[in-house]
Amino acid sequence: MRSRLIEIYHRLYAAYGPQHWWPGETPFEVIIGAILTQQVSWTSVERAITALKQERLMSPDAIARAPQEHIAAFIRPTIYYNEKAKKLKAVVEFLQTRYGGDLTALFALPTARLRAELLAVHGIGEETADSIVLYAAGKPSFVVDAYTRRILTRLELITGNEPYRRIQKLFMDNLPPDVELYNEYHALLVRHGKERCLKRTPRCDACPLHGLCPFPRQYRR
DNA sequence: GCCCAGGTGGGTA
DNA sequence: TACCCACATGGG
533 MRSRLIEIYH RLYAAYGPQH WWPGETPFEV IIGAILTQQV SWTSVERAIT ALKQERLMSP
593 DAIARAPQEH IAAFIRPTIY YNEKAKKLKA VVEFLQTRYG GDLTALFALP TARLRAELLA
653 VHGIGEETAD SIVLYAAGKP SFVVDAYTRR ILTRLELITG NEPYRRIQKL FMDNLPPDVE
713 LYNEYHALLV RHGKERCLKR TPRCDACPLH GLCPFPRQYR R
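Numbering (our numbering), first residue to last: 533 to 753.
Written out as structure tokens, the structure reads:
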């Protein structure tokens, strides 16, 4: 398993190169993006983030003060905008009451503790928590998303029904706890998933993972 | 017109 | 634990 996971990484990196994740100017913006991107394409998130910046709503204080409906109006492209406005308020509320709005204090926690704290916040599930830990705090916690699950299933390394933590453990037990590696690996899996594994009839012979994947089995979501 | 995006929370069995 | 559903825009 270890050599397989490393092989996959090298193949994807060779094919796609560095992905320069996470898009976001500040750690706070990464957190906002992590919530807004739930079940939404990143291009939609960019529009929402741009709107929030234009309205001077890209700060804990501003979001705390603004009415939920006001925030919702500017993040409409991200679907579930009412839900997500509520989530943004929840994160900011958590930040301010527990850490005085200071991300540095929050990020000073040990990785496992930081993850657990984030998970307790309304709107932050496992993937979002790991995204924040990895991409905003810069601590090694592997991010597992739908693409990761699909690709590993297709490669027959998992059944696809494993719980999140099981799949995360697979990566973390077999790779060094390297932030840059986790960063790039997750981003590459998303890139590959979008580019190939969502296609109904991928050209498997031209795939970067050709030979690792038991093609031409039809891919199942 | 239909499918589906870098999910999460709440409810039920 | 394992499903189910609500959430409710915009691009291909």
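Where a beta carbon is used, it is the ideal one built from N, C-alpha and C, also for glycine.
Here residue 745 carries a strand assignment [DSSP, helix/strand/coil].
Excluding its 5 nearest sequence neighbours in each direction, residue 677 has C-beta neighbours in its own chain below 6 Å: 659, listed in chain order. Taking every protein chain shown into account, the CB of residue 546 has fewer than 16 other CB atoms within 10 angstroms, so this residue is exposed. For the options 584, 638, 687, the alpha carbon positioned closest to that of residue 744 is the one of 687. Secondary structure at residue 671: coil, using DSSP grouped into helix, strand and coil. Nearest C-alpha to residue 625 among 643, 591, 537: 591. Residue nearest to residue 648 within the set 718, 544, 665 is 665 (criterion: CA-CA distance). Annotation: residue 557 to residue 576 spans about 17 Å, alpha carbon to alpha carbon. With 16 or more other Cβ atoms from the protein chains shown falling within 10 Å of its own Cβ, residue 716 counts as buried.
Considering only 609, 552, 586, the residue with the shortest C-alpha distance to residue 573 is 609.
Between residue 604 and residue 617, the C-beta gap is smaller than 8 Å, which places the two residues in contact.
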